Amino acid sequence: PTNTVTVGNITDKAPDQMIRHILAACGTVVSWKRVQAFGFCEYGNPDAGLRAIRILHEMEIGGKKLVAKVDAKTKSVLDEYKAEKRKKIKGRSPLQDEPEEPDDYIDEEMKKTDQAAQERILAILDDYQQDMKNYSASNENERRSQRNMTDRLALLTQASEASVRDADGPIDLDDANIEEGKRDLITREIGKFREIMKKQEEEKEV
C-alpha cells in the first residue's frame, strides 16, 4: 500500500528538484507536494516510506536537519509491515513479552538498499552544492542591495529634513541648500521611500 511521509524543516537553499531526487533515492515516489519548508511525499510501498524515515530524519542539508515522520494512520500500516518482516526474519511471531528493537525488522537486503540510497543522496547533494551556494550568495546580494537603498534614502531624507514639515506633509526644497537639478530627484526618492515604508508596515500588519 502507498504511504505518505511528511518531510519538514527543508532549507530555503534546497532546490525542489534536488529534494525530489533525494526522496526518489529512498524508493518509488507516487507524488510530492512541497509547501515552502515542508512537504508530503507519497511512496509506493511501506519499504520506501520506512527507508525515507530511517535515512532522511535528522539528515542535515544546508545547515538544517530534516524531519521525516508519518501520521498515526500511516504508522499503523508501517508497524504492521515491520511485524511481518520480523516474523520472516525470526521464522515466528514475536512473543507477547518479547521486546522489539527499533531496527530488528531490517534484513541484509534492506541494509544494502539503505547504503545504496545514502550513497546516491550524497552524490545528489554534491551535484547541487553549487546551486545552494549560489542561492546564499544571491540572498546576500539582495540584502546588501536593500541595505544600500535604505542608507541612500536615509541620507536623502536627512539632507532635506529641514525642508520637510512632517512625515506626511508636502516637501518644499526651494529653501534647501540643494542644487536645482537634484531637487526633483530627491523629491521622487523621498516619495518612493515613504511608499516602501508604508508597504512594509502594511505587510507587517497582515
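Residue numbers (the working numbering): 4 to 209.
All C-beta atoms in this analysis are idealised placements derived from N, C-alpha and C, irrespective of residue type, glycine included.
Computed from a predicted model, the values in this text were never measured in an experiment.
Assignment of LYS88 by DSSP, reduced to helix, strand and coil, places it in the helix class. Nearest to GLU112 by C-alpha distance, out of ASP82, LYS76, MET135 and ARG54, is ARG54. Counted as a single uninterrupted DSSP element, the alpha helix (DSSP H) harbouring THR116 occupies residues 111–130. Scanning the region 33–77 for uninterrupted alpha helix (DSSP H) segments of 4 residues or longer gives 49–59, listed from N- to C-terminal end.
For ASN137, the three-state secondary structure derived from DSSP is helix. In this structure, LYS72 sits away from ASN12, with a CB-CB distance that is not shorter than 8 Å. In the three-state scheme derived from DSSP, where H, G and I count as helix and E and B as strand, THR9 is classed as strand.
Of the candidates PRO18, ILE109 and GLY52, PRO18 places its Cα closest to the Cα of ARG37.
Boundaries of the alpha helix (DSSP H) harbouring ASP19: 19–28, taken from the DSSP string. With contacts defined as CB atoms closer than 8 Å, ARG89 and ASP107 qualify as a contacting pair. Around ILE127, the same chain offers MET21, HIS24, ILE25 and ALA28 as residues with beta carbons nearer than 8 Å, after the five sequence neighbours per side are excluded.
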